[in-house]
Amino acid sequence: MGQGLDVKCPSCGYKFGALLGEGKTTGYYAKKIQEEMKVGKYGEEGKRFIAKARDDGILDCQKIVFECKTCKDLSSDAAMAINGEAFPRKCSRCETPLKPWFSFESDLYMGSAKCPKCGGTLEDDYDGIYACTCWD
Ligand SMILES: [Zn+2]
Ligand SMILES: [Zn+2]
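Residues 3 to 138 (our numbering) are what the sequence shown spells out, left to right.
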C-alpha cells in the first residue's frame, strides 16, 4: 500500500510531502514507467536501461525519497531497478545525481532524518494525529 507522508523542519520551516511505497497498482505503474522509458522519456540512458529488461518486464519500481545535495531539496519519485541494478536518477533542476534515501520513513520516526536546508531534525507534520493519505 502506498502512503503519503508530510514532514516539516521546525528550525527553518522547510516542508516536504512524499508519496511512498509500492501501491496496489505496482504492476501497472512499473509497466507504465517501462513504456515511458522505451519511448525516451528518461533519455537515452533510460532506453539502454530498459533494454536490459525482458519483455515480461522485471522492473522493480517503488516510490522513495530522493535528496539533491546541490538544491538541498527532497523529492519523492520512482526508484527503478532491474535485477538489482538501479537506474540513476538526476535532479530535474540541476542534473546532479540524486541520492536515494531508502530509509527515510524509519529515519523520520527514529528522529534521525535531517533537514536538507539547515540540518535540523525533520518531524512528522501531523500535530500528533496520525493520518494516511493513500495514493493508490
Ligand atoms: Zn530546516
Ligand atoms: Zn538539484
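Built from N, CA and C at the ideal position, the CB exists for glycine as well.
The structure presented is a predicted model; accordingly, all values stated were derived computationally and were not measured.
Neighbourhood of residue i by C-beta distance below 8 Å, restricted to the same chain and skipping five residues each side
i	result
residue 42	48 and 49
Same chain only: Cβ atoms within 7 Å of residue i, ignoring 5 sequence neighbours per side
i	result
residue 38	44
residue 75	118
residue 133	Its pLDDT being 48, under 50, residue 133 is placed unreliably by the model, and the measurement read from it follows with that caveat. Nothing listed; no residue qualifies.
residue 113	123
residue 126	9 and 110
Residue i (DSSP reduced to helix, strand or coil)
i	result
residue 97	coil
residue 55	coil
residue 29	helix
residue 74	coil
residue 6	strand
residue 15	coil
residue 133	Low confidence applies to residue 133: its pLDDT is 48, below 50, so where it sits in the model is not reliable, and the reading given next is rough at best. If DSSP states are grouped into helix, strand and coil, residue 133 belongs with coil.
residue 42	coil
residue 49	helix
residue 34	helix
residue 102	strand
Boundaries of the alpha helix (DSSP H) in which residue i is found, first to last residue
i	result
residue 109	106 to 112
Residues near residue i in its chain [Cβ-Cβ closer than 6 Å; skip 5 each side]
i	result
residue 16	117 and 119
residue 18	9 and 76
residue 100	68, 70, 91 and 93
(message) Give the residues whose C-beta lies closer than 7 Å to at least one heavy atom of ligand 2, in chain order.
(response) Screening all residues for a C-beta within a distance smaller than 7 Å of any heavy atom in ligand 2 leaves 70, 72, 73, 75, 93, 95, 96 and 98, in chain order.
(request) Please list, in chain order, all residues with a C-beta atom less than 5 Å from at least one heavy atom of ligand 1. (result) My final list is 11, 13, 14, 16, 117, 119, 120 and 122.
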